[in-house]
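This report refers to the structure that appears directly beneath it.
Protein chains: 2
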Amino acid sequence: MSTQYTFVNDEFVPADQASLLASDLSIQRGYGIFDFFKTLGGRAIFLDDHLDRFFHSANHLRLEVGRTREELTAIIAGLQQRNAISDSGIRMTLTGGYSADGYSLAKSNLVITQRALDGPITMECHESIRLVTYPHSRQMPEAKTIDYLMGIWLQPYIRQHGANDVLYHQGGVISESPRSNFFLVTADDILVTPAQNILKGITRMKILEVAPAFVRVEERDVAIEELRSAKEAFITSTTKHILPISQIDGHPIGQTVPGPVSQWLNEQLFQLVTLNK
Amino acid sequence: MSTQYTFVNDEFVPADQASLLASDLSIQRGYGIFDFFKTLGGRAIFLDDHLDRFFHSANHLRLEVGRTREELTAIIAGLQQRNAISDSGIRMTLTGGYSADGYSLAKSNLVITQRALDGPITMECHESIRLVTYPHSRQMPEAKTIDYLMGIWLQPYIRQHGANDVLYHQGGVISESPRSNFFLVTADDILVTPAQNILKGITRMKILEVAPAFVRVEERDVAIEELRSAKEAFITSTTKHILPISQIDGHPIGQTVPGPVSQWLNEQLFQLVTLNK
Numbered sequence: 006m007s008t009q010y011t012f013v014n015d016e017f018v019p020a021d022q023a024s025l026l027a028s029d030l031s032i033q034r035g036y037g038i039f040d041f042f043k044t045l046g047g048r049a050i051f052l053d054d055h056l057d058r059f060f061h062s063a064n065h066l067r068l069e070v071g072r073t074r075e076e077l078t079a080i081i082a083g084l085q086q087r088n089a090i091s092d093s094g095i096r097m098t099l100t101g102g103y104s105a106d107g108y109s110l111a112k113s114n115l116v117i118t119q120r121a122l123d124g125p126i127t128m129e130c131h132e133s134i135r136l137v138t139y140p141h142s143r144q145m146p147e148a149k150t151i152d153y154l155m156g157i158w159l160q161p162y163i164r165q166h167g168a169n170d171v172l173y174h175q176g177g178v179i180s181e182s183p184r185s186n187f188f189l190v191t192a193d194d195i196l197v198t199p200a201q202n203i204l205k206g207i208t209r210m211k212i213l214e215v216a217p218a219f220v221r222v223e224e225r226d227v228a229i230e231e232l233r234s235a236k237e238a239f240i241t242s243t244t245k246h247i248l249p250i251s252q253i254d255g256h257p258i259g260q261t262v263p264g265p266v267s268q269w270l271n272e273q274l275f276q277l278v279t280l281n282k
Numbered sequence: 006m007s008t009q010y011t012f013v014n015d016e017f018v019p020a021d022q023a024s025l026l027a028s029d030l031s032i033q034r035g036y037g038i039f040d041f042f043k044t045l046g047g048r049a050i051f052l053d054d055h056l057d058r059f060f061h062s063a064n065h066l067r068l069e070v071g072r073t074r075e076e077l078t079a080i081i082a083g084l085q086q087r088n089a090i091s092d093s094g095i096r097m098t099l100t101g102g103y104s105a106d107g108y109s110l111a112k113s114n115l116v117i118t119q120r121a122l123d124g125p126i127t128m129e130c131h132e133s134i135r136l137v138t139y140p141h142s143r144q145m146p147e148a149k150t151i152d153y154l155m156g157i158w159l160q161p162y163i164r165q166h167g168a169n170d171v172l173y174h175q176g177g178v179i180s181e182s183p184r185s186n187f188f189l190v191t192a193d194d195i196l197v198t199p200a201q202n203i204l205k206g207i208t209r210m211k212i213l214e215v216a217p218a219f220v221r222v223e224e225r226d227v228a229i230e231e232l233r234s235a236k237e238a239f240i241t242s243t244t245k246h247i248l249p250i251s252q253i254d255g256h257p258i259g260q261t262v263p264g265p266v267s268q269w270l271n272e273q274l275f276q277l278v279t280l281n282k
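Shown next, in the form of structure tokens:
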């Protein structure tokens, strides 16, 4: 395999040598943001939306991106050209920089990595997952920070409960999974998704755009009690698109998995990412 | 100045070249722990206590230190010998490692840095600070994680309120400052400090050991209303020892700053760190 490259600040370096000094505020203080998008057949999917969110997250954490959208786009194109991976995930990370005192923000460090996708994107939902709920609210959920302390820490808890991922709730209100948004279809056929204390995913946004052609949609608080009567439930992310949920806290969800709404939405997403520009 | 060194995993490298690969889980996901202690005249102060807490934090986050206490102690001695900084701060950072999938824990990375202290340790409290309260509870406060997202993010808020640092509370109960423990002396001369949802500082522990010779002490929940009637208040940390508080949310604390309890305790700490082994 030819050398793969990573972009660090102002140069492309071999991916296995891409590094940050130990004084970086991500290493010292967990301070940074990122975004992640796919390329399919070399096309960067929903790049404008991901750039919007990247700048939004940076702004929220008071990190200077230090490049225009056009410059970032050119860097990403340069990375794709060097690496020649047509179906990939590209991650842009922006950190608090090399801090003189280990606490104050410095000039941000920018790292852009690319790697091949694990598997193909398909029109059918081939898998389903089991979730376990956990009382937690991410700090600053509206920004895509690098804070996944709780999500990673809960991995053994998730396994012990026979689950694949966790679903956060606080005060009886559901928010999100660590790397995914949450949707359910109610007993009276309404597609609902939490509106507050979440990271607003790009896949979530696309679903909210296309879904009203097929189903009534509500963005609102979702009570944990609504899980029991849900006809369908799924999580969404850039990597997974729609991933149907078969069980939450050991209770089965719906009659068939995937249900009709999940399946229809996944087909729409498939068409959006594979056919559209 | 001669080259300063940092220890990274299994070697001493020049401090300005000490780095971690971008795949490290601290950079990717903010996952790591650390500890920090002083050396004075070349003696590592309360090293056993800091090693205890370092192993406790690592264990809590399921990170393997990969070295015994004796090995760590030898590495620290080697770093001190190379750098020859008699009065210094030494920071040991342990991260989630170079993760293949950017989420699962890998072999931990260990970084140990040393740098000169900013100023001398003194027997008198020369400074005092102003705090502003903020509703927040750190996730996993009992472990010394690298999660300082909120503390750093609040720096402009702190400045806008004419303060030097923030004091967290949740549901009317005070916990801690981002890098310090909190104490107050009540109107009836009891030294109180929060007992829950805090990182148990080494300086805090030393104060709880020596204070009963001078004042009645209680570890318990501290209500935010108690701030108004406090005779004295101070924060404690390895760097600052005791730092008296002159104002909280714009309201003055006590008659004279530092008050007699703060001053007596600071003298005791000074003696502990300068005279004892």
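Line by line, the protein sequences are chains A and B.
Position 79 (the first sequence) corresponds to 84 in the working numbering; numbering is contiguous.
Position 182 (the second sequence) corresponds to 187 in the working numbering; numbering is contiguous.
We treat Cβ as the ideally placed atom computed from N, Cα and C, and that holds for glycine.
The model shown is predicted, which means the values in this text are computed figures rather than measured ones.
- Contact of Gln-9/B with chain A is not assigned, every C-beta pair being separated by 8 angstroms or more.
- Proximity of Ala-49/A to chain B, defined by a Cβ-Cβ separation below 8 angstroms, is not satisfied.
- In terms of beta-carbon proximity, Ala-23/A lines the interface with chain B, with at least one pair separated by less than 8 angstroms.
- Taking 3 residues as the shortest admissible run, the stretch 174 to 203 of chain B contains the following complete beta strand (DSSP E) segments, listed from N- to C-terminal end: 186 to 190 and 195 to 198.
- Chain A has no Cβ within less than 8 angstroms of the Cβ of Trp-269/B.
- Lys-211/A is classed as buried because its beta carbon has at least 16 other beta carbons within 10 Å across all chains shown.
- Listed along chain A are Ser-31, Ile-32 and Gly-35, each with a C-beta nearer than 8 angstroms to that of Ser-31/B.
- For Leu-26/B, the nearest beta carbon of chain A is closer than 8 angstroms to its own beta carbon.
- With fewer than 16 other beta carbons inside 10 angstroms of its own, His-256/B counts as exposed.
- DSSP, read as helix, strand or coil, puts Asp-106/A in coil.
- Taking a C-beta cut-off of 8 angstroms against chain A, the contacting residues of the stretch 115 to 149 of chain B are Val-116, Thr-118, His-141, Gln-144 and Met-145, listed in chain order.
- Within the stretch 72 to 86 of chain B, contact with chain A at the beta-carbon level (separation under 9 angstroms) is assigned to no residue.
- In this structure Leu-196/A touches Ala-216/A by the C-beta definition: roughly 6 angstroms separates them, less than 8 angstroms.
- When DSSP reads this structure, Asn-114/A sits in a beta bridge with Thr-100/A.
- Annotation: Cβ neighbours of Tyr-108/A in chain B (cutoff 7 angstroms, chain order): Ile-157.
- Around the CB of Gly-47/A, fewer than 16 other CB atoms lie within 10 Å, so the residue is classed as exposed.
- DSSP places Ser-31/B in the helix class (H, G or I) of the three-state scheme.
- Looking only at Pro-249/B, Gly-71/B, Pro-199/B and Arg-164/B, the smallest Cα-Cα distance to Leu-115/B is reached by Gly-71/B.
- Within the same chain, Cβ atoms closer than 6 angstroms to the Cβ of Arg-58/B are found at Asp-40, the five residues on either side in sequence being excluded.
- If you look at Tyr-162/B, you'll find it in the alpha helix (DSSP H) that goes 160 to 165.
- Here the alpha carbon of Gln-201/B sits roughly 9 angstroms from the alpha carbon of Glu-147/B.
- Check the Cα spacing between Thr-243/A and each of Leu-30/A, Asp-123/A and Arg-221/A: the tightest is with Asp-123/A.
- For Ile-151/B, the neighbours in chain A by C-beta distance under 8 angstroms run, in chain order, Ile-32, Gln-33, Arg-34 and Gly-35.
- Taking 8 angstroms as the threshold, the shortest C-beta distance from Gly-255/A to chain B does not fall below it.
- Counting every other CB atom within 10 Å of its CB across the protein chains shown gives Lys-43/B a total of 16 or more, marking it as buried.
- In the three-state reduction of the DSSP assignment, Ile-50/B falls in the coil class.
- Flagged as an interface residue toward chain B: Thr-100/A, by a C-beta distance shorter than 8 angstroms.
- Below the 7 angstroms Cβ cutoff, chain B contributes Gly-35, Tyr-36, Gln-144, Met-145, Thr-150 and Asp-152 as neighbours of Leu-154/A, in chain order.
- Across the set Phe-239/B, Gln-9/B and Leu-172/B, the C-alpha of Gln-9/B shows the shortest separation from the C-alpha of Ile-90/B.
- Under the Cβ criterion (8 angstroms, minimum of three pairs), the stretch 135 to 142 of chain B does not count as touching the stretch 94 to 113 of chain B.
- Three or more pairs of CB atoms, one per stretch, sit closer than 8 angstroms, so the stretch 173 to 186 of chain B contacts the stretch 225 to 244 of chain B.
- Proximity of chain B to Leu-66/A at the Cβ level (cut-off 7 angstroms) is accounted for by Trp-158, in chain order.
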